[in-house]
């Protein structure tokens, strides 16, 4: 495994974690909105 590949994997991993967290927050907000109404 060369260093460029591992750096790309790390970046992808952190990107997925960030977008995953945003998606979870949005899903939670949508869930709260639907339960309130």
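In the working numbering, the protein residues as written are -11 to 25.
Ideal Cβ positions, reconstructed from N, Cα and C, are used throughout, including at glycine.
Span separating the alpha-carbon of residue i from that of residue j
i          : j          : result
residue 1  : residue -5 : 10 Å
residue 16 : residue 22 : 10 Å
residue 24 : residue 10 : 21 Å
residue -2 : residue 20 : 33 Å
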